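K.L.:
Okay, handing you the structure first.
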Amino acid sequence: MNNIYDYTKEELEDYFLKIGESKFRADQVFNWLYIKRVKKFDDMTNLKKDLIKYLNENFNLNDLKILNKQSDIDVKKYLFELHDGNKIEAVLMNHDYGNSLCVSTQVGCNMGCYFCESGRLKKLRNLSTFELVLQVLKVEEDIKQRISHVVLMGIGEPFDNYDNVMRFINIINDPKGINIGIRHITISTCGIVPKIKKFMNEKTGVNLAISLHAPNDDVRNKIMPINKVYKIEDIIKAVKEYIKVTNRRVTFEYILLKDVNDTENCARELINLLKGINCYVNLIPYNETSHNEYKKSPKVTIDRFYDILKEGNINVTIRREFGSKVSAACGQLRSEQITRKEN
Ligand code: SAH
Numbered sequence: 250m251n252n253i254y255d256y257t258k259e260e261l262e263d264y265f266l267k268i269g270e271s272k273f274r275a276d277q278v279f280n281w282l283y284i285k286r287v288k289k290f291d292d293m294t295n296l297k298k299d300l301i302k303y304l305n306e307n308f309n310l311n312d313l314k315i316l317n318k319q320s321d322i323d324v325k326k327y328l329f330e331l332h333d334g335n336k337i338e339a340v341l342m343n344h345d346y347g348n349s350l351c352v353s354t355q356v357g358c359n360m361g362c363y364f365c366e367s368g369r370l371k372k373l374r375n376l377s378t379f380e381l382v383l384q385v386l387k388v389e390e391d392i393k394q395r396i397s398h399v400v401l402m403g404i405g406e407p408f409d410n411y412d413n414v415m416r417f418i419n420i421i422n423d424p425k426g427i428n429i430g431i432r433h434i435t436i437s438t439c440g441i442v443p444k445i446k447k448f449m450n451e452k453t454g455v456n457l458a459i460s461l462h463a464p465n466d467d468v469r470n471k472i473m474p475i476n477k478v479y480k481i482e483d484i485i486k487a488v489k490e491y492i493k494v495t496n497r498r499v500t501f502e503y504i505l506l507k508d509v510n511d512t513e514n515c516a517r518e519l520i521n522l523l524k525g526i527n528c529y530v531n532l533i534p535y536n537e538t539s540h541n542e543y544k545k546s547p548k549v550t551i552d553r554f555y556d557i558l559k560e561g562n563i564n565v566t567i568r569r570e571f572g573s574k575v576s577a578a579c580g581q582l583r584s585e586q587i588t589r590k591e592n
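Residue 484 in our numbering sits at position 235 of the sequence shown; the count goes up by one each step and never skips.
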């Protein structure tokens, strides 16, 4: 059976037309689902009885179960259980500009970045559109506040679940629904070049972030297996094309790993690599995990790296650290839970 949260408004309109209903039913259903937030077709009281019966027989309204919550001052982490028993997580961050939710896109991840906890658990499957949408709905319901920003930076590679991710963006951006501004949505990718190009032509207005993490192939090969497929040169070429077509600035994420990619030479190489590109660099203090050897760069090293980039006229910020107490780094909550079970 189909899930109603899988449908964009346009898809619902087509669906209703096909079954001989008026297109306007899509507006009504969207309003019940995303404005009034009812959880039963029976509560959609302005629909005809026949149609409610039809919807009950043909659609699911699956909910996500919140298994566990952990809170810190400015961060709240959710562990969800999916209908098949798999678990995913989402992280809510309170910024001064609003609530930002980091959503997962897959159960596990196949990219296998050595520093990342998510990849410890291989991809079992893609999340469906409704499982993406419900992460937003459940968290809003829990905090009784609006989520203003969504980042696709949780477990999984969004460009490895492309169609569902695009549909999700369409749904949460719909002005007659959850209405999250398109410029308040960010997709983060480890650099799947063909998908960067595909995404560029959709001209969505969504922000693009690239997990670069290294200034050259030697360093990147050591930490990100995907670099064997798409080299830094390919990524940079694709990003330049992306900027030309979309006229949007791109973010490069750069996790600072002690003695791996945090040297002054790396900083200088990064300047050369990014010179003239309309971008900014987000330096990410590494969130250590017990499952690998990588260490967080000391604060002085992070500051030095930052200063060198600044002097080289690169727009650069250091990511504020959220919730290291609640193991908020990608995949850590789910991974911990699974490790506990294995022991
Ligand atoms: N697959 C996508 C999105 C998920 S990862 C991507 O690679 O961009 C989201 C971001 O968190 C990436 O930049 C990733 O490299 C980073 N990340 C993963 N583990 C981390 C950790 N332990 N500490 C800090 N950042 C981490």
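Note that beta-carbon positions come from the ideal geometry of N, C-alpha and C, so glycine has one too. Just so we're clear, the structure is a prediction, and the values are computed from it rather than from any experiment.
1) Within the 7 Å Cβ cut-off, does ARG432 reach chain D?
2) Mind checking which residues open and close the alpha helix (DSSP H) that includes ASN531?
3) Taking the alpha-carbon of GLU338 as reference, which of ASP345, LEU383, ASN305 has the nearest alpha-carbon?
4) So MET221 is in the beta strand (DSSP E); what residue range does that whole segment cover?
5) What are the boundary residues of the beta strand (DSSP E) that ASN348 is part of?
6) Which two residues bound the contiguous alpha helix (DSSP H) that contains ILE441?
7) Pull the bridge partners of PHE308 from the DSSP assignment, please.
8) Please identify the residue among ASN413, ILE421, SER377 whose C-alpha is closest to the C-alpha of HIS398.
9) For LEU523 and TYR264, I'd like the C-alpha separation in whole angstroms.
10) Assess contact between the segment 329 to 337 and the segment 375 to 394, defined as three or more Cβ pairs (one per stretch) separated by less than 8 Å. Is contact present?
11) Between which two residues does the alpha helix (DSSP H) carrying VAL499 extend?
12) Is the closest heavy atom of ligand 1 to the C-beta of CYS528 under 6 Å?
13) In the DSSP assignment, the beta strand (DSSP E) including THR566 goes from what residue to what residue?
14) Check whether the segment 478 to 488 and the segment 554 to 567 touch, using three or more Cβ-Cβ pairs below 8 Å as the test.
15) How far does the beta strand (DSSP E) with VAL317 in it reach, from first residue to last?
16) I believe PHE308 touches ASN251 by the beta-carbon criterion, under 8 Å. Please report the beta-carbon distance rounded to the nearest angstrom.
17) Where do the N-terminal and C-terminal ends of the beta strand (DSSP E) with ASN456 fall, by residue?
18) Which one of LYS371, ASN531, ALA463 has the shortest CA to CA distance from ARG569?
19) Exposed or buried, which one is TYR346 when buried takes at least 16 other CB atoms within 10 Å?
20) Grouping DSSP H, G and I as helix and E and B as strand, with all else coil, what is TYR256?
21) Can you give me the C-alpha to C-alpha distance between VAL468 and GLY440, rounded to a whole angstrom?
22) What beta strand (DSSP E) runs, 3 residues minimum, are completely inside the segment 343 to 410?
23) For GLU262, count neighbouring C-beta atoms within 10 Å of its own C-beta (all shown protein chains included) and say buried if the count is 16 or more, exposed if not.
24) Terminal residues of the continuous beta strand (DSSP E) containing LYS326?
25) Under the rule that 16 or more other beta-carbon atoms within 10 Å means buried, what is SER271, buried or exposed?
26) Please classify LYS545: does DSSP put it in a helix, a strand, or coil?
27) Hey, is the segment 408 to 419 in contact with the segment 435 to 454, meaning 3+ C-beta pairs nearer than 8 Å?
P.N.:
Short version:
1) The displayed structure is made up of one protein chain only, and chain D is not part of it.
2) Your numbering for residue 531 matches position 282 in the sequence shown. From DSSP, ASN531 is part of no alpha helix (DSSP H) but of the beta strand (DSSP E) over 528 to 534.
3) Residue numbering aside, residue 338 sits at position 89 when the sequence shown is read from its first letter. Nearest of ASP345, LEU383, ASN305 to GLU338, Cα basis: LEU383.
4) What the structure shows of the chain is the stretch from 250 to 592, and residue 221 is not part of that stretch, so it cannot be assessed.
5) Counting from one through the sequence shown, the residue named residue 348 turns up at place 99. 347 to 351 is the extent of the beta strand (DSSP E) around ASN348.
6) In the sequence shown, residue 441 corresponds to position 192, counting from 1. Looking at the DSSP string, ILE441 is not in any alpha helix (DSSP H), and its letter there is neither H nor E.
7) Numbered from 1 along the sequence shown, position 59 holds the residue referred to as residue 308. In the DSSP output, where bridge partners are listed per residue, PHE308 has ASN251.
8) If you number the sequence shown from 1, residue 398 lands on position 149. Checking every option, the nearest Cα to that of HIS398 belongs to ILE421.
9) Residue 523 sits at position 274 when you count from the first residue of the sequence shown. Residue 264 sits at position 15 when you count from the first residue of the sequence shown. So the two alpha carbons sit approximately 46 Å from each other.
10) yes
11) Counting from one through the sequence shown, the residue named residue 499 turns up at place 250. Unbroken run through VAL499 is the beta strand (DSSP E), 499 to 505; no alpha helix (DSSP H).
12) On the sequence shown, residue 528 is found 279 positions in, with the first residue counted as 1. Flag unset: Cβ of CYS528 not near ligand 1.
13) If you number the sequence shown from 1, residue 566 lands on position 317. Run containing THR566: 564 to 567, per the beta strand (DSSP E) assignment.
14) no
15) Counted from its first residue, the sequence shown places residue 317 at position 68. Before going on, a small fix: residue 317 reads as Asn here, not Val. It spans 314 to 320 - the beta strand (DSSP E) in which ASN317 sits, taken as one unbroken run.
16) The sequence position of residue 308 within the sequence shown is 59, counting from 1. The sequence position of residue 251 within the sequence shown is 2, counting from 1. With 8 Å as the limit, PHE308 and ASN251 qualify as a contact, their Cβ atoms being about 6 Å apart.
17) As a working note, residue 456 is residue 207 in the sequence shown. Note, ASN456: beta strand (DSSP E), 456 to 460.
18) On the sequence shown, position 320 is the one that residue 569 refers to. Minimum Cα distance to ARG569 is reached at ASN531.
19) Locating residue 346 in the sequence shown gives position 97, where the first residue counts as 1. It counts as exposed.
20) Locating residue 256 in the sequence shown gives position 7, counting from the first residue. DSSP places TYR256 in coil when its eight states are reduced to three.
21) On the sequence shown, position 219 is the one that residue 468 refers to. On the sequence shown, position 191 is the one that residue 440 refers to. So the alpha carbons of these two residues sit roughly 15 Å apart.
22) 347 to 351, 398 to 401
23) In the sequence shown, counting from the first residue as 1, residue 262 sits at position 13. It is buried - the Cβ of GLU262 has at least 16 other Cβ atoms within 10 Å.
24) Numbered from 1 along the sequence shown, position 77 holds the residue referred to as residue 326. Element bounds for LYS326: 324 to 330.
25) Position 22 of the sequence shown, counted from the first residue, corresponds to residue 271. Flag for SER271 reads exposed.
26) In the sequence shown, counting from the first residue as 1, residue 545 sits at position 296. DSSP places LYS545 in strand when its eight states are reduced to three.
27) yes
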